[in-house]
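Adding 50 to a residue's 1-based position in the sequence shown gives its number in the numbering used here.
Some notes on the structure that comes next.
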Amino acid sequence: MSEKLVNALVNMKEAEAVQLTKDLLESGEDPLKILGACQEAMDTVGKRFEKGEYFLPELIMAGEMLNQISDIIKPKLKGEAAAKTLGKVIIGTVKGDIHDIGKDIVVFMLDVNGFEVVDLGIDVPVQKFVDTIKETGSKVLGLSGFLTLAYDSMKETVDAIKEAGLRDGIKIMIGGGQIDEKVKDFSGADAFGKDAMDAVKLAKGWIGG
Ligand code: B12
51 MSEKLVNALV
61 NMKEAEAVQL
71 TKDLLESGED
81 PLKILGACQE
91 AMDTVGKRFE
101 KGEYFLPELI
111 MAGEMLNQIS
121 DIIKPKLKGE
131 AAAKTLGKVI
141 IGTVKGDIHD
151 IGKDIVVFML
161 DVNGFEVVDL
171 GIDVPVQKFV
181 DTIKETGSKV
191 LGLSGFLTLA
201 YDSMKETVDA
211 IKEAGLRDGI
221 KIMIGGGQID
231 EKVKDFSGAD
241 AFGKDAMDAV
251 KLAKGWIGG
């Protein structure tokens with residue numbers, strides 16, 4: 051059935067995609083697997099966009115469908131700790147990039163797993179990250195990005211944190227669409243996470259006891 055969901059998303063069948071998500075959840079499917087199917091579908095949508103088969107309206111439509119689906123899924127993503135006891139995590143989509151659906155899922159998962167999340171939103175200037183680390187004393191930073199230009203913004207952010215003398219006190223994880231281990235090495239971050247659960251695992255490994 052998740053194959054059907056992938057097809058509905060790729061073919062912009064909004065009502066069908068929403069219904070299939072509800073059916074999958076009702077039949078007991080793991081919500082994280084449904085998110086995985088969404089990621090797979092978005093890869094195909096992105097490729098069609100690159101090839102000139104899809105245009106901006108399809109990207110926008112894909113974003114809208116994803117937002118609806120994540121709203122349906124979120125209540126099913128249960129966390130282990132309700133109290134925000136594990137520590138603070140700062141997160142934001144880096145300068146020049148406005149993609150936030152993946153980041154918002156990461157924020158949600160960190161939150162339900164017991165972290166206090168400081169979400170700086172999208173297109174976050176380098177200095178804003180530096181200032182927020184100083185203000186909050188947070189020990190973990192998450193950088194999200196989807197565009198190729200986000201690689202440079204991530205590196206600039208990590209460099210600015212170093213220059214401000216804050217690098218030793220903070221662990222930095224990166225993630226989002228096309229981000230991988232190579233971008234981690236290029237940017238100087240500590241770790242790359244492929245999905246929201248990775249973000250939780252990394253943060254727990256660093257400050258979660
Ligand atoms: C939907 C979408 C949009 C929507 C975004 C809506 C929104 N509010 O976010 C809109 C229409 C606004 C959009 C705009 C653009 N987009 Co766009 N978009 C996409 C698309 C199809 C899906 C992205 C998405 O939401 N994925 C679904 C989420 C749930 O999955 P995920 O992102 O992978 O998230 C998970 C993990 O990555 C991880 N994660 C995410 N963040 C973090 C952070 C940390 C710390 C960790 C550990 C993990 C982690 O956890 C998440 C949950 O499990 C992608 C294609 C793709 N394959 O990603 C193109 C894509 C990213 N866009 C692309 C482009 C080109 C654009 C535009 C430039 C188009 C234009 N001409 O204007 C603009 C950019 C505007 C800007 N300055 O940012 C290109 C980028 C190409 C490139 N090399 O740079 C892509 C790859 C499409 C393509 N193949 O060409 N886009």
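Even for Gly, the Cβ is constructed at its ideal location relative to N, Cα and C.
Using a threshold of 7 Å, is the CB atom of G102 nearer than that to any non-hydrogen atom of the ligand B12? no
Use the C-beta contact count for N117: other C-beta atoms within 10 angstroms, 16 or more gives buried, fewer gives exposed. exposed
Using three-state DSSP, classify L75 as helix, strand or coil. helix
Could you tell me the alpha carbon to alpha carbon distance between L160 and L127, rounded to whole angstroms? 11 Å
Got a sec, what are the start and stop residues for the alpha helix (DSSP H) D169 sits in? Not the alpha helix (DSSP H): D169 falls in the beta strand (DSSP E), residues 166-169.
With DSSP as the reference, label M62 as helix, strand or coil. coil
Residue range of the unbroken beta strand (DSSP E) whose run includes V208: First-last for V208: 199-213, but that is the alpha helix (DSSP H), not the beta strand (DSSP E).
Would you list, in sequence order, the uninterrupted alpha helix (DSSP H) runs of no fewer than 4 residues that lie entirely inside the region 90-154? 106-123
Across which residues does DSSP place V174 in a beta bridge pair? V144
Looking at D240: is its Cβ nearer than 8 Å to the Cβ of K212? no
Contact the region 197-215 vs the region 163-171: 3+ CB pairs below 8 Å: no
Proximity of L193 and V144 at Cβ, strictly below 8 Å: yes
Span separating the alpha-carbon of V156 from that of L106: 25 Å
Extent of the continuous alpha helix (DSSP H) to which G255 belongs: 246-257
Helix or strand or just coil, what does DSSP make of G192? strand
Give the straight-line distance between the Cα atoms of E103 and N61, rounded to the nearest whole angstrom. 12 Å
Just to confirm, is the Cβ distance from V56 to A91 under 8 Å? yes
With the cut-off set at 8 Å, would you say I224 and F242 are in Cβ contact? yes
Restricting to Cα atoms, I'd like to know which of T198, F179, I140 is closest to K232. T198
Tell me whether P125 is buried or exposed, calling it buried when 16 or more other Cβ atoms sit within 10 Å of its Cβ. exposed
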